[in-house]
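J.:
Numbering (the numbering used here), first residue to last: 623 to 826.
(1) I'd like the ranges of any alpha helix (DSSP H) spanning at least 4 consecutive residues and lying wholly in the segment 704–771.
(2) Expressed to the nearest angstrom, what Euclidean distance is found between the alpha-carbon atoms of residue 792 and residue 751?
(3) Could you give the DSSP three-state label for residue 794: helix, strand or coil?
(4) I'd like the list of long-range same chain contacts for residue 662, defined as Cβ closer than 6 angstroms, with 5 residues on each side in sequence excluded.
(5) I think residue 696 touches residue 768, with their Cβ atoms under 8 angstroms apart; what is that distance to the nearest whole Å?
(6) Are residue 712 and residue 723 closer than 8 angstroms when you measure CB to CB?
(7) Among 728, 765, 635 and 758, which residue has its Cα nearest to the Cα of residue 738?
(8) Would you give the residue range spanned by the alpha helix (DSSP H) that residue 661 belongs to?
(9) Ordered along the chain, which non-local residues of its own chain (more than five positions away) have a Cβ less than 7 angstroms from that of residue 626?
(10) Judging by CA-CA distance, which residue of 771, 740 and 670 is the nearest neighbour of residue 811?
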């Protein structure tokens, strides 16, 4: 994703390489965080789209989720450290104040990290021992709430340009759109998994 971001933003869009670390790398970190959380949610349902994975690998979903959480923290710290109109112009209006879209993007970003923090807490063994199994399963499903917040976060950052293909630099889709498609794919797999499970139960 870093190479894609360099080509699309530094080269095609001619964003200066002086913004490489705090803008380009930050985008790459953000997407990697999303991909890790997405993979964590996807693993238990992967069979619904025809892939067979070893049970031992599926157990790694917790580690993918935790890794995504820490990367999301890095993304937040980098964004807060460098949030200004020159690096994040979409967050501000002409007067230099936060725009409505910028404010909503930040709000849904905060909500995302709060849900991920909740999941990080309940992933601890000592915490899980105090939670009933039925409740734990319900709590773990809040990962989909986090992904939904990510979808909204990305929409308010770059949604205005998602369907204006002629405005895409070198016709390369924005990373916010790629992130949104990633989230939608997870929801598609989850929905398909639920449908398959219902069909299976009916056949018993």
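C-beta: ideal position from N, C-alpha, C; glycine also.
T.: According to the structure shown:
(1) 722–744, 747–750 and 755–762
(2) Here the question's residue 792 lines up with position 170 in the chain shown. Here the question's residue 751 lines up with position 129 in the chain shown. In a straight line, the C-alpha of residue 792 is about 52 angstroms away from that of residue 751.
(3) Residue mapping note: residue 794 aligns to position 172 of the chain shown, counting from 1. Coil.
(4) Here residue 662 refers to the residue found at position 40 when the chain shown is read from its first residue. Excluding sequence neighbours, residue 662 sits near 683, 686 and 687.
(5) Sequence index remark: in the chain shown, residue 696 carries index 74 (1-based). Sequence index remark: in the chain shown, residue 768 carries index 146 (1-based). 16 angstroms between Cβ atoms; not a contact.
(6) Residue numbering aside, residue 712 sits at position 90 when the chain shown is read from its first letter. Residue numbering aside, residue 723 sits at position 101 when the chain shown is read from its first letter. Going by C-beta atoms, residue 712 is nearer than 8 angstroms to residue 723.
(7) If you number the chain shown from 1, residue 738 lands on position 116. For the residues 728, 765, 635 and 758, the minimum Cα distance to residue 738 belongs to 765.
(8) The residue you call residue 661 lines up with position 39 of the chain shown. From DSSP, the alpha helix (DSSP H) with residue 661 extends over 648–664.
(9) Residue numbering aside, residue 626 sits at position 4 when the chain shown is read from its first letter. Correct list: empty, nothing qualifies.
(10) On the chain shown, residue 811 is found 189 positions in, with the first residue counted as 1. Checking every option, the nearest Cα to that of residue 811 belongs to 670.
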